[in-house]
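Those sequence lines, one after another, are chains P and Z.
Residue numbering for the first sequence follows my numbering, beginning at 1 and increasing consecutively.
Residue numbering for the second sequence follows my numbering, beginning at 1 and increasing consecutively.
Where is the CB? At the ideal position from N, CA and C, for every residue including glycine.
Computed from a predicted structure; not experimentally measured.
Data first, discussion second: the structure below is written as structure tokens.
Protein chains: 2
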Amino acid sequence: MFDTSPILNGNRRALARVLTQIENGMPEAEAALGALFPHTGRAHLIGVTGPPGSGKSSLVNELAKAMRSAGSTVAIVAVDPSSPFTGGAILGDRIRMRDLAGDPGVFIRSMANRGSLGGLARSTADVVIALDAAGFDKILIETVGAGQAEVDIARMAHTVLVVEAPGLGDDVQAIKAGLLEVADVLVVNKSDQPGAEAAVRVLRASLDLAHPVARQWAAGALRPPPLTPPPSKAGEGSGVWIPPLLQTVAVQGRGVTELMDSIEKHHAYLHTSGELDNRERERLEHELEQHLREFLLASLLTRLGSGSYNAALEQIFARQLDPARAARQLVEQMQHPAHA
Amino acid sequence: MFDTSPILNGNRRALARVLTQIENGMPEAEAALGALFPHTGRAHLIGVTGPPGSGKSSLVNELAKAMRSAGSTVAIVAVDPSSPFTGGAILGDRIRMRDLAGDPGVFIRSMANRGSLGGLARSTADVVIALDAAGFDKILIETVGAGQAEVDIARMAHTVLVVEAPGLGDDVQAIKAGLLEVADVLVVNKSDQPGAEAAVRVLRASLDLAHPVARQWAAGALRPPPLTPPPSKAGEGSGVWIPPLLQTVAVQGRGVTELMDSIEKHHAYLHTSGELDNRERERLEHELEQHLREFLLASLLTRLGSGSYNAALEQIFARQLDPARAARQLVEQMQHPAHA
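This is the structure we're talking about:
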């Protein structure tokens with residue numbers, strides 16, 4: 001039986017050990033996660049995503065400092081779905097360490113891709129379980145890129161922060177639109193640079209398009225339901241959340257407190273609206289399904305043995321059988337071994 | 001029983017119908033794919049990926065024209081993993097239509113994301129099966145972005161072409177490194193623009209790093225095995241493939257023939273080295289596994305009924321049971337219903 005008390009009592013070494021077990025896919029991790037899971041559900045999970053060059057890392061560092069000043073403990077998970085080859089995560093980690101080192105209320109973990117993308121998403125989910133159990137008030141999950149995969153990882157969070165910056169090019173519009181749809185809070189960082197106002201205008205317009213409610217407000221077609229604030233107080237009520245659009249200059253610390261306040265307001269909204277429950281349910285059901293897929297595949301391979309599996313593969317290679325039909329036959333065979 | 005003859009005989013309407021069934025996840029698609037699969041394995045699958053702004057679409061159009069001139073039939077699959085909201089794929093499609101329309105030897109299909117990323121990857125694989133059976137010599141699979149997900153989709157191909165361009169920013173280095181590892185042929189497009197030579201130098205250095213064999217050649221540490229050409233003839237032998245680095249200006253058609261020749265050389269290399277077989281096996285096994293995961297999950301839900309599944313979910317929501325253990329219990333329960 002895994003002894004959870006060191007982690008629950010704030011022992012960082014014990015926490016780091018479990019995180020390493022999770023990252024390396026070691027069997028011990030499963031027992032640890034099972035024992036830690038009942039102690040989760042308290043942390044506020046904040047996903048941070050946006051294109052390379054938007055200054056996400058600096059902003060996350062400043063946010064962490066602001067949250068510390070406001071009395072919260074903070075964990076940062078930096079997820080790099082690009083290759084382990086780059087060493088990007090490790091470099092970012094060191095820069096951070098210099099900034100935030102020595103504060104026992106901050107914990108930083110970088111995760112690079114070891115194997116499949118699906119594997120990374122699952123180990124990130126497990127790392128978040130351990131950090132939540134360890135009692136961190138805020139868990140910032142930062143992704144390196146802004147592809148669909150990164151968006152999916154950021155979506156694990158309760159509050160999704162999308163970071164943009166001026167001058168990243170018009171070609172990324174397509175990606176931006178995908179990002180906007182998942183944004184709970186939107187920020188234009190590097191707002192002291194040329195083009196910041198233009199970026200804000202473009203995003204404001206896209207935001208109005210991406211959020212049907214905001215669009216209906218704008219068109220005057222929606223009469224406010226009793227609990228909903230007027231559009232001028234967007235993001236403050238408990239009825240409808242319209243993602244606020246903020247501006248920051250992270251390297252100078254400008255706008256960071258206001259950003260933190262917006263994130264807090266979103267958290268409060270999630271609680272009062274009941275939306276927190278919905279997001280938790282969706283998130284946990286997704287995790288259950290992922291585990292089921294993996295366990296079922298492993299179980300099929302064990303039960304059928306490599307013979308049947310390899311025979312099916314050879315038939316596929318010979319183009320005698322398509323992969324979908326082969327899969328159905330293997331599932332059949334496992335369920336009715338007598339027919340085999 | 002699905003009648004394959006219209007598709008095998010080049011009927012475009014029949015082909016388009018099946019592609020729509022695949023994209024919409026219609027049950028008819030499965031029978032069609034099963035019947036078409038034995039007729040696959042002839043096409044050369046070429047994945048094209050690279051960051052937004054690198055001019056991938058123009059380059060793919062020019063490549064398609066060059067391949068047509070060389071006597072091959074060509075299908076283009078444009079995959080946009082960003083939201084359907086953007087309409088990006090449809091726009092690209094129209095621009096293409098103007099350029100390549102009226103040529104019966106070219107077929108173009110755009111695919112946007114409808115649902116999950118995994119779903120898109122699988123339907124792309126299925127679309128490729130149908131196009132391969134329909135007899136296209138070359139199938140160009142172009143992704144819109146260059147995140148890990150896009151790289152995974154491009155990897156489905158036999159030959160992976162990575163497109164870069166000058167001036168896309170230094171911040172994308174991390175992404176570049178991940179891309180380089182999967183590149184069989186590397187091209188700097190927009191090579192008439194400032195910074196092209198610098199981009200080539202950076203990529204050349206990264207390429208040397210990313211490819212251990214190239215690195216060892218460079219260091220003089222590797223004695224050429226009998227069948228391997230000296231580094232000066234990189235990419236031409238049958239022993240080791242060192243990704244060539246080319247320059248193009250797609251909008252002027254410059255460098256496109258040379259690029260097509262490099263792609264052809266890679267295809268020849270795949271055949272003579274036996275690597276084509278390895279890539280096919282890896283690709284088809286991956287497809288089998290994906291189908292198994294989905295069918296097994298569906299089968300579990302059917303067999304257990306929603307009662308057990310929902311009960312497990314409620315225990316997870318109440319933090320009484322972690323998702324991994326819940327998954328194990330459900331699998332157990334399905335396999336030994338008596339214990340339930």
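The way I'd put it, the region 34-43 of chain Z does touch the region 130-139 of chain Z; three or more beta-carbon pairs between them come closer than 8 Å. Among the bridge pairs identified by DSSP, P:Ile108 is matched with P:Ile76. The beta carbon of P:Thr124 sits closer than 8 Å to the beta carbons of Val77, Val79, Met111, Ile141, Ile153, Met156 from its chain, once the five residues preceding and following it are set aside; these are given in chain order. For the pair of segments examined, the region 325-333 of chain P was found to touch the region 294-314 of chain P: the number of CB pairs separated by less than 8 Å reaches three. When CB distances to chain Z are screened at a threshold of 9 Å, not a single residue of the region 190-201 of chain P falls below it. By the Cβ test, the region 280-298 of chain Z is in contact with the region 292-304 of chain P, since at least three Cβ pairs between them sit closer than 8 Å. For Z:Asp322, the closest Cβ of chain P is nearer than 8 Å. Of the candidates P:Glu164, P:Glu287, P:Asp322, P:Asp184, the residue whose Cα lies closest to the Cα of P:Glu264 is P:Asp184. For Z:Gly195 and Z:Leu203, the gap between their C-alpha atoms comes out near 12 Å.
Residues of the region 21-48 of chain P whose Cβ lies closer than 7 Å to any Cβ of chain Z, in chain order: Glu30, Leu33, Gly34, Phe37, Pro38, Thr40, Gly41.
Non-local C-beta neighbours of P:Ile316 in its own chain, meaning closer than 8 Å and more than five positions away in sequence, comprise Asp322, Pro323, Ala326, ordered along the chain. Nearest to P:Glu258 by alpha-carbon distance, out of P:Val106, P:Gln247, P:Ser308, P:His267, is P:Gln247. Interface flag for Z:Glu285 against chain P is set, since a Cβ pair is found closer than 8 Å. Beta-bridge annotation (DSSP): P:Leu161 is paired with P:Val48, P:Val185.
Burial state of Z:Glu30 is buried, judged by a 10 Å Cβ sphere holding 16 or more other Cβ atoms.
Taking a beta-carbon distance threshold of 8 Å, Z:Arg204 does not count as an interface residue toward chain P. Distances from the alpha-carbon of P:Leu270 to those of P:Gly47, P:Gly239, P:Val188, P:Ala70 put P:Gly239 closest. Closer than 8 Å at the C-beta level to chain P, one finds these residues of the region 323-335 of chain Z: Pro323, Ala324, Arg325, Ala326, Ala327, Arg328, Leu330, Val331, Gln335. At a cut-off of 8 Å, the C-beta of P:Ile316 has a neighbouring C-beta in chain Z. Collapsing the DSSP output to three states places Z:Arg254 in a strand. Considered as a whole, the region 235-313 of chain P harbours 245-247 as its complete beta strand (DSSP E) runs of no fewer than 3 residues, in chain order. Annotated three-state conformation of P:Leu59 is helix, per DSSP. Close partners of P:His271 in chain Z (Cβ separation under 8 Å) are lacking, with about 16 Å as the shortest Cβ gap. Taking each of Z:Ile108, Z:Pro6, Z:Gly274, Z:Thr159 in turn and checking the Cα distance to Z:Asp261, the smallest one comes out for Z:Thr159. Against chain Z, the CB of P:Ser110 has no partner CB under 8 Å away; the residue lies outside that interface.
When the beta-carbon positions are compared, P:Val163 and P:Leu284 stay at least 8 Å from each other. Straight across, the Cα-Cα distance linking P:Leu19 with Z:Pro52 is about 35 Å. The beta-carbon of P:His158 is placed no less than 8 Å from the nearest beta-carbon of chain Z. The C-alpha of P:Val74 lies about 9 Å from the C-alpha of P:Lys65. For P:His291, the neighbours in chain Z by C-beta distance under 7 Å run, in chain order, Pro323, Ala324, Ala327. With respect to chain Z, the C-beta atom of P:Glu280 has a partner C-beta closer than 8 Å.
Taking a Cβ-Cβ threshold of 7 Å, the residues of chain Z close to P:Arg319 are Phe37, Pro38, Thr40, Gly41, in chain order. Under the three-state reduction of DSSP, Z:Thr143 is assigned to strand.
Neighbours of P:Phe295 in chain Z, taken as residues at a C-beta separation under 7 Å, are given in chain order as Ala327, Arg328, Val331.
For P:Arg319, there is no enclosing alpha helix (DSSP H), as DSSP marks it with neither H nor E. C-alpha of P:Ala199 to C-alpha of P:Leu186: approximately 12 Å in a straight line.
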